[in-house]
Amino acid sequence: MASRNIICRGILSKKSGFGIRSMSSWWGHVEPALKDPILGVTEAFLADPSPNKVNVGVGAYRDDNGKPVVLQCVREAERRIVGKQNMEYLPMGGNVKMVEETLKLAYGENSSLLKEKRIAAVQALSGTGACRLFADFQKRFKPDSEIYIPVPTWSNHHNIWRDAQVPQKTFHYYLPKTKGLDFESLMVDIENAPNGSFFLLHACAHNPTGVDPTEEQWREISHQLKVKGHFPFFDMAYQGFASGDPERDAKAIRIFLEDGHSIGCAQSYAKNMGLYGQRIGCLSVVCQDEKEAVAVKSQLQQIARPMYSNPPVHGAQIVPTILGDPDLKNLWLQEVKGMADRIIGMRTALKENLEKLGSSLSWQHITDQIGMFCYSGLTPEQVDRLTNEFHIYMTRNGRISMAGVTTGNVGYLANAIHEVTKSGSK
Amino acid sequence: MRPQITYSSPTDRRLTALVRHLADDPFSASLQMDSQNTISPSPTAAFNGDSVFANVVQAPEDPILGVTVAYNKDPSPVKLNLGVGAYRTEEGKPLVLNVVSRAEQMLVNDQSRVKEYLPITGLADFNKLSAKLIFGADSPAIQDNRVATVQCLSGTGSLRVGAEFLARHYHQRTIYIPLPTWGNHPKVLTIAGLSVKYYRYYDPATRGLNFQGLLEDLGSAPSGAIVLLHACAHNPTGVDPTLEQWDQIKQLMRSKGLLPFFDSAYQGFASGSLDADAQPVRLFVADGGECLAAQSYAKNMGLYGERVGALSFVCRTADVASRVESQLKLVIRPMYSNPPLHGASIVATILKDRDMFHEWTIELKAMADRIISMRQQLFDALQSRGTPGDWSHIIKQIGMFTFTGLNTEQVVFMTKEYHIYMTSDGRISMAGLNSKKVPHLADAIHEAVTRIV
């Protein structure tokens, strides 16, 4: 060992000018990448020294003091887990109990699909990871297919399917005029898409608009998709966060299942269990029978293996610890409702504040929309003014994360919005 | 293929469907199988009613992880798992390092800690500390801010992100990997868009390094090609170049402008010394050149399932490093947005605390020493049985694995008759061995090589 050290010191101190390529870099041509439109907002916010700054950018829940929250049920679950487990590799498909509990949430506890083992499901890296696994799977097994994506959608959806090399098309979703759903155009787009197209749907609390179809509209959408033989892929990132009731928020999915669709579904615990940075989610694909589900699952694992081998163990254990314990599960349901209720309260407060300020515009959409986000209708220029003049940070599409609104800042926010939108102001 | 659904006309179809929707119990209506016009609850499909994924065949078991699957199914009380490279204690149990338990407990008890998203590039402290760990705290590359480090999902994730970046931004798509190498390497690199070629590495005759072959193959690689190098404790062979040989490799690579991509999955695990195991990497950084390094904390901190790793680019200038980092984000965001928080927090906690760091080095050395002891015991056991052949490679090879030289038939025999599980290339994980099991393994090897040639 000693001699090895002496030799290596000798080698390291030698000026090895021989053989180095020219002093240029391999990466001199690499352009600086544009900042992510969502995550870049928080970076800018953090860099702002103003004491008045408000972050209504990224969709992470804040309590009424503007502080991040770790749910009590999560703290308790962690307390139970820590020190009791080893850190061995999970199987490629992840924590089996976590997946089971997660499927019950989406498909219903008594779903016949679960009993018949028709669902291929793997633990995934939150919602992003679940979508990406599906996109890669779609590319591999339906290489000629395209994905229809609503306009607008979470910006990262475009990145995911692009990197999976699945061509993208769009379908009408948001109607700026009403700040609601463009139902007619949506139905036309479903009809016009070639049979067997893949459609990306937000199960509840559409991101970024907060505009969800009504139950009746979902039934019609489901029917039309069935008629056309389209494949419905649900991204469900906010189950529980929309209405406060996870069962209710899964209604769209249940309608589709009743209609006999074999769906795909991405689920995330980032928001509804506050597990953001733990990266905990699930991808499921409904198959025609158990045999097919086994095959599909094995192929999903083949996609995970050269990406990260197997998913993280810690956060995954939190999920079944909570959902498998009736008391902890009840606590969770209460806490989810509490978060959803606070957001609903902030929507009301923001709208009322704007009305009190005498704004001549309609702000009805603030309370009509649902979930974490409000699609305010603000233009990029107005958003820039909010940031530059008032130190209010949001994405330039005018999306406000209501989770970042508090009783402490709602007045300030309303005032700023009023300032940039009142007639005569650009 | 017979369609499940037939229609007399589109109008009939729509009317029937509408009736179904207006019925009190849409679910029971949809189960009616009477007329030809009912839409049956077939899986979402084109009109012929097939599943969109009916063509999906079952994938074969992963050859490495599949070994453990088979092991778990075996009811024999004498079974031995020498498959996947996860450390086991003398008692055959998985190990959570004491210092890791302490760090974890501290984190969980800290009520001020939250679970917010990490930045796309991961935990900043973790990144800085990881770079220091592999490149050395006094590395000029770090002093000059020329190193871009991003947190990734263990070694696999680091390799994948690095390879994706190379496929997008590097002028050469060819990567040379050693023969043999970890089974997942070609899959990761190929799916990222690189074209895999092999350089000779292992010499079955000597069960050591085929250094001539290595130099020849890298010597005939196209200028600028990428070269994957195992920083230490080569997986699966356990055969490492000497430092003199590393220096020659470096000179050859620099003269041809070959880009080094280090896979460091066993720093500290090979010799027991973190610095010694990092020498090859530091050698390359010392001459001012550029390279990539993928690090994993799966083995050396026992954080396997937490998926903790880091990818570093050593660049010529700080400006280049900054641009590289920005582009790495574009690879990561559509894959999983940002990396998992828990494991990286544990690592940062340990690396930044002098006492905990020291404690870690002691526990790490103990793991390495136990493995070295297992090597010696197995070698001695084979010697005492007079097992034919030269088994000195068992003590010459380094790290978690021994490339026994057993052929597939012999491996199958050992599994069938002795319930010993290993990968079919004859690689055994020394970490899975303990003193009590050494005789059983030695008996199995002895019988395998004498019965099957």
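Residue numbers (our numbering), protein chains in the order written: chain A, 1 to 426; chain B, 427 to 879. Positions of the beta carbon are idealized from the N, C-alpha and C atoms, including for glycine. Just so we're clear, the structure is a prediction, and the values are computed from it rather than from any experiment.
Residue-level contact by beta carbon fails for residue 861/B and chain A, as no gap is shorter than 8 Å.
Of all residues in the region 96 to 119 of chain A, none comes within less than 8 Å of chain B when Cβ atoms are compared.
In the DSSP assignment, residue 282/A falls within the beta strand (DSSP E) that extends over 281 to 286. By the 16-neighbour rule on beta-carbons within 10 angstroms, residue 382/A is buried. Listed along the chain, the chain A residues whose CB falls inside 7 Å of the CB of residue 729/B are 87. Interface criterion met: the Cβ of residue 298/A is under 8 Å from a Cβ in chain B.
Against chain A, a Cβ distance below 9 Å from residue 665/B picks out nothing, because the smallest value is about 16 Å. By the neighbour-count criterion, in which a residue is buried when 16 or more other Cβ atoms sit within 10 angstroms of its Cβ, residue 94/A is buried.
Within the model, the alpha-carbon separation for residue 118/A versus residue 836/B is close to 40 Å. In this structure, residue 798/B keeps its C-beta atom at 8 Å or more from the C-beta atom of residue 506/B. If you draw a straight line from the Cα of residue 240/A to the Cα of residue 268/A, it is about 11 Å long. Flagged as an interface residue toward chain A: residue 580/B, by a C-beta distance shorter than 8 Å. DSSP places residue 577/B inside the beta strand (DSSP E), whose first and last residues are 573 to 578.
In this structure residue 375/A touches residue 399/A by the C-beta definition: roughly 6 Å separates them, less than 8 Å. Using a Cβ-Cβ distance cut-off of 8 Å, the region 184 to 195 of chain A and the region 59 to 67 of chain A are not in contact, since fewer than three pairs of beta carbons, one from each stretch, lie closer than that value.
Interface criterion not met: the Cβ of residue 600/B is under 8 Å from no Cβ in chain A. Here the C-alpha atom of residue 724/B lies approximately 7 Å from the C-alpha atom of residue 733/B. Closest by C-alpha distance to residue 771/B, out of 803/B, 791/B, 736/B, is 736/B.
Contact annotation: the region 258 to 266 of chain A does not touch the region 753 to 767 of chain B, with fewer than three C-beta pairs closer than 8 Å.
Residue 753/B sits in a helix when the DSSP states are folded into three classes. Using a CB distance below 8 Å, the part of the region 298 to 318 of chain A facing chain B consists of 298, 299, 301, 302, 305, 306, 307, 308, 309, 310, 311, 312, 313, 314, 315, ordered along the chain.
Chain-ordered listing is empty here: chain A has no CB closer than 8 Å to the CB of residue 877/B, the nearest sitting near 34 Å. A straight-line Cα-Cα distance of about 15 Å links residue 627/B and residue 676/B.
Residue 375/A is bridged by DSSP to 399/A. In this structure, residue 624/B sits near residue 603/B, with a CB-CB distance shorter than 8 Å.
The region 541 to 556 of chain B makes contact with the region 757 to 776 of chain B, as at least three CB pairs between them are under 8 Å. Not one beta carbon of chain B lies nearer than 8 Å to the beta carbon of residue 173/A. Using a 10 angstroms sphere on the CB of residue 740/B, the tally of other CB atoms reaches 16 or more, which defines it as buried.
Counting C-beta pairs closer than 8 Å gives three or more between the region 480 to 499 of chain B and the region 299 to 310 of chain A, which meets the contact rule.
By the C-beta density criterion, residue 327/A is exposed, having fewer than 16 other C-beta atoms within 10 angstroms. Leaving aside the five residues that flank residue 217/A on each side, the residues in its chain whose CB is nearer than 8 Å to its CB run, in chain order, 181, 183. Counting only runs of 4 or more residues that sit fully inside the region 55 to 138 of chain A, the alpha helix (DSSP H) segments are 72 to 81, 96 to 107, 112 to 115, in chain order.
Around the Cβ of residue 504/B, a 10 Å sphere holds fewer than 16 other Cβ atoms; the residue is exposed. Taking a beta-carbon distance threshold of 8 Å, residue 801/B does not count as an interface residue toward chain A. In the displayed model, residue 211/A falls within coil according to three-state DSSP, outside both helix and strand. With contacts defined by Cβ atoms closer than 8 Å, residue 41/A and residue 58/A form a contacting pair.
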